[in-house]
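To start, the structure itself, in structure tokens.
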Amino acid sequence: MNAFDKNTAVVIDDAQLLADEARYSSFGDTVHYVDPPKIFRRCEGSWMYDSADVPFLDLQMWYSAVNFGYGNPRLNDALKRQIDLLPQVASQYLHQTRIELAKTIALDVEGKFGLKGRVHFNVGGAQAIEDSLKIVRNASNGKSLMFAFEGGYHGRTLGASSITSSYRYRRRFGHFGERAMFIPFPYPFRRPKGMTADEYSDACVRQFARLFETEYNGVWDPKVNQAEYAAFYVEPIQGTGGYVIPPKNFFRDLKKVLDQYGILMVVDEIQMGFWRTGKLWSIEHFGVTPDVLVFGKALTNGLNPLSGLWAREELINPTVFPPGSTHSTFNSNPLGTSLGLEVIRMGYELDYAATVPAKGAHFLDGLRDLQKRHKEIGDVDGLGLALRAEICTDDGFTPNKALLDKMVDIGLAGDLKHNGKPIGLVLDVGGWYKNVITLAPSLDITHEEIDLAIALLDQLLTRAKKS
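Counted the way numbering that gives the first Met the number 0 counts, the sequence shown spans residues 0 to 466.
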């Protein structure tokens, strides 16, 4: 054992921690991307530090939960104030920031989409998805079937797994009789040959609309004008699926079909919400109005578990969705709601709607330059600071998971070089083929840090190709 300094509790060394984890921890609640798993000791801004105090530039920020940087002083101070004022209260009681945060989100949505609605809280993204499933089932007289996208990810609870397209998340847990029907998502880089991205988008919508042509297409009863399916769960930009950005007209055209047949659109903003794309909600880029909007992650900058949803008044008013419809002991906890309120205030005051697109454009330019020097980068794309780089073989198209795995290992080894000193790089792996670097840096990342990120990615990819 050793101590970092007199103001820090005695710290157990890495070797002992890893031995204890191997013996006492469930591996089922985490993901070990490298062997041995990496242990970090402190963090600040865009950086994490290991036991040797090597800095690691983090380009995934806890899966986009820490949009506003590690140790953000304004948010940390908000948390400290709330701890001294009202740190806990049972969720059956009310407190000021719970009501203020609900009102702030509801009025924001009303101003943007012209619909009145209400906000409902929980503690995690998957739990908020579960609540949305209850709202949708309740509003549709118990219909339990949903549409969702191939490549979509909504969480790993039983209900969320049923609308997540990967069988891997369901395989060991019995039959999911109410799993979603998974619909093709327009993936521009991997579209059919001979089609433009917009033509591919149109084809995907037509393919979906065909399900309603006759009763024998299987989802529609024209005699009573009812669909068997209650809602369509969408991520405006696929998160775990690889930060895939659809053509701009896709959701507008899809929503026309949904509205025609009385199917709700539930928008999952858990990963892309809170200015990741340069807007509070990523669906704002696509010209459609959600019926339900689910959020989480960056609502509290990772300092407290809090999530929630907004739903149209007709779906969530107390007459149709009364007290006790769902419950969680820690929902709307005052530490979380005070942070969420400060996050939204800060985002508008600091004008992330302007700064994020500017930084995203700078980062995307760097990725495009990197792509010119490495034919293994098959595709780069981005919206705000949600960016992707698809790693391929040297044909620029065939997925190359092995090369990206090497890059992740090298980045976490912490022995890249910058100004003659060791440095590390934290990357996240996503995509249908697990060959996409999904880049979600701090929204407060500097232009200098972006340039450093590109230089480190260049160094990293060069080393990985040689190893």
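Note that beta-carbon positions come from the ideal geometry of N, C-alpha and C, so glycine has one too. Computed from a predicted model, the values in this text were never measured in an experiment.
Between the C-alpha atoms of residue 208 and residue 356, what's the straight-line distance to the nearest angstrom?
Taking the first residue of the sequence shown as position 1, residue 208 is located at position 209. Taking the first residue of the sequence shown as position 1, residue 356 is located at position 357. Approximately 34 Å between the Cα atoms of the pair.
Other residues of its chain near residue 17: CB distance less than 8 Å, five sequence neighbours each side excluded:
Position 18 of the sequence shown, counting from 1, holds the residue named residue 17. Take residue 17, set aside five residues on each side of it, and the residues of its chain with a beta-carbon closer than 8 Å to its own are 35, 36, 38, in chain order.
For the region 215-223 against the region 243-257, are there 3 or more C-beta pairs whose distance is under 8 Å?
Contact between the region 215-223 and the region 243-257 is absent, because fewer than three Cβ pairs lie under 8 Å.
Beta-carbon proximity check, residue 504 vs residue 459, cutoff 8 Å:
For residue 504 there is no data in the structure shown, the boundaries of the chain being 0 and 466.
With 16 other Cβ atoms within 10 Å as the buried cut-off, status of residue 427
The sequence position of residue 427 within the sequence shown is 428, counting from 1. Buried, by the Cβ-count rule.
Is the beta carbon of residue 119 sitting closer than 8 Å to the one on residue 335?
Working through the sequence shown from its first residue, we reach residue 119 at position 120. Working through the sequence shown from its first residue, we reach residue 335 at position 336. No, they are not a contact pair.
In chain order, what residues of the same chain have a beta carbon less than 8 Å from the beta carbon of residue 152, not counting five sequence neighbours either side?
For the purposes of this step, residue 152 is identified with residue 153 of the sequence shown, where counting begins at 1. These residues qualify, in order along the chain: 163, 164, 165, 234, 237, 238, 239, 240.
Evaluate residue 228 with the Cβ neighbour count: other Cβ atoms within 10 Å of its Cβ, from every protein chain shown; 16 or more gives buried, anything less gives exposed.
The residue given as residue 228 occupies position 229 in the sequence shown. Flag for residue 228 reads buried.
State yes or no: is the C-beta of residue 345 within less than 8 Å of the C-beta of residue 73?
The count along the sequence shown starts at 1 and reaches residue 345 at position 346. The count along the sequence shown starts at 1 and reaches residue 73 at position 74. A contact, by the Cβ cut-off of 8 Å.
Contact under 8 Å by Cβ, residue 230 with residue 265:
To locate residue 230, count along the sequence shown from 1; it is residue 231. To locate residue 265, count along the sequence shown from 1; it is residue 266. It is a contact, given that the beta carbons lie within the stated cut-off.
At which residues does the alpha helix (DSSP H) containing residue 52 begin and terminate?
Numbered from its first residue, the sequence shown carries residue 52 at position 53. Segment: none, residue 52 is in no alpha helix (DSSP H) and carries neither H nor E.
Grouping DSSP H, G and I as helix and E and B as strand, with all else coil, what is residue 228?
The sequence position of residue 228 within the sequence shown is 229, counting from 1. Here residue 228 sits in strand by DSSP.
Cβ distance (whole Å) where residue 413 is taken to contact residue 188 below 8 Å
On the sequence shown, residue 413 is found 414 positions in, with the first residue counted as 1. On the sequence shown, residue 188 is found 189 positions in, with the first residue counted as 1. 31 Å between Cβ atoms; not a contact.
Assuming residue 435 is part of the alpha helix (DSSP H), what are its boundary residues?
In the sequence shown, counting from the first residue as 1, residue 435 sits at position 436. Run containing residue 435: none in the alpha helix (DSSP H); it sits in the beta strand (DSSP E), 435-438.
Using a threshold of 8 Å, state whether the C-beta atoms of residue 159 and residue 182 are closer than that.
Position 160 of the sequence shown holds residue 159. Position 183 of the sequence shown holds residue 182. No.
Could you please give the first and the last residue of the uninterrupted alpha helix (DSSP H) stretch that includes residue 75?
In the sequence shown, residue 75 corresponds to position 76, counting from 1. First-last of the alpha helix (DSSP H) with residue 75: 72-84.
Cut-off 7 Å between Cβ atoms - residues of its own chain near residue 122, not counting five sequence neighbours on either side:
The count along the sequence shown starts at 1 and reaches residue 122 at position 123. These residues qualify, in order along the chain: 304, 305, 306, 327, 329, 330.
On the criterion of 16 or more Cβ atoms from any shown chain inside 10 Å, does residue 442 qualify as buried, or is it exposed?
Taking the first residue of the sequence shown as 1, we reach residue 442 at position 443. By the neighbour-count rule (16 or more Cβ atoms within 10 Å), residue 442 is buried.
With DSSP as the reference, label residue 162 as helix, strand or coil.
As a working note, residue 162 is residue 163 in the sequence shown. When DSSP states are grouped into helix, strand and coil, residue 162 belongs to the coil group.
Rounded to whole angstroms, what's the CA-CA distance from residue 52 to residue 102? Just pull it up for me.
In the sequence shown, counting from the first residue as 1, residue 52 sits at position 53. In the sequence shown, counting from the first residue as 1, residue 102 sits at position 103. When rounded, the distance between both Cα atoms is 43 Å.
Can you tell me which of 263, 47, 242, 116 puts its alpha carbon nearest to the alpha carbon of residue 69?
Residue mapping note: residue 69 aligns to position 70 of the sequence shown, counting from 1. It is 47.
Count the other CB atoms within 10 Å of the CB of residue 321; is the residue buried (16 or more) or exposed (fewer)?
Here residue 321 refers to the residue found at position 322 when the sequence shown is read from its first residue. Result: exposed.
Does DSSP classify residue 398 as helix, strand or coil?
Residue 398 sits at position 399 when you count from the first residue of the sequence shown. Three-state result, residue 398: strand.
Measure the alpha-carbon distance for residue 408 versus residue 457 and round it to whole angstroms.
Sequence index remark: in the sequence shown, residue 408 carries index 409 (1-based). Sequence index remark: in the sequence shown, residue 457 carries index 458 (1-based). About 15 Å.
Using the beta-carbon count (16 or more within 10 Å), is residue 126 buried or exposed?
Mapped onto the sequence shown, residue 126 falls at position 127. Buried, because 16 or more other Cβ atoms sit within 10 Å of the Cβ of residue 126.
Could you tell me how far apart the beta carbons of residue 470 and residue 285 are, in whole angstroms, since I believe they sit closer than 8 Å?
Residue 470 is absent from the model: the chain starts at 0 and stops at 466.
Rounded separation between residue 341 and residue 65 - CA only
Walking along the sequence shown from the start, residue 341 turns up at place 342. Walking along the sequence shown from the start, residue 65 turns up at place 66. Roughly 14 Å separates the two Cα atoms.
Using the three-state DSSP reduction, which class does residue 155 fall into: helix, strand or coil?
Locating residue 155 in the sequence shown gives position 156, counting from the first residue. Here residue 155 sits in coil by DSSP.
Starting from residue 69, follow its DSSP beta bridges and name the residues at the other end.
Here the question's residue 69 lines up with position 70 in the sequence shown. Paired residues: 44.
Per DSSP, the bridge partner or partners of residue 376
The count along the sequence shown starts at 1 and reaches residue 376 at position 377. Partner(s): 390.
Out of curiosity, what's the CA-to-CA distance linking residue 462 and residue 389?
Taking the first residue of the sequence shown as 1, we reach residue 462 at position 463. Taking the first residue of the sequence shown as 1, we reach residue 389 at position 390. Roughly 17 Å between the two C-alpha positions.
Could you name the residues of the same chain whose beta carbon sits closer than 8 Å to that of residue 204, not counting the 5 residues immediately before and after it, in chain order?
Position 205 of the sequence shown holds residue 204. Excluding positions up to five away in sequence, the list reads 249, 252, 253, 256.
Mapping the DSSP letters down to three states, classify residue 316 as helix, strand or coil.
Taking the sequence shown and counting its residues from 1, one reaches residue 316 at position 317. Of the three classes helix, strand and coil, the one that applies to residue 316 here is coil, per DSSP.
Assuming residue 296 contacts residue 62 (C-beta within less than 8 Å), just tell me the rounded distance between them.
On the sequence shown, residue 296 is found 297 positions in, with the first residue counted as 1. On the sequence shown, residue 62 is found 63 positions in, with the first residue counted as 1. At roughly 7 Å, the Cβ-Cβ gap stays under 8 Å, so residue 296 and residue 62 are in contact.
Hey, how far is the Cα of residue 479 from the Cα of residue 314?
Examination of residue 479 is not possible in this model, given that the chain is present from 0 through 466 alone.
According to DSSP, simplified to helix, strand and coil, what is residue 421?
On the sequence shown, position 422 is the one that residue 421 refers to. It is a strand residue.
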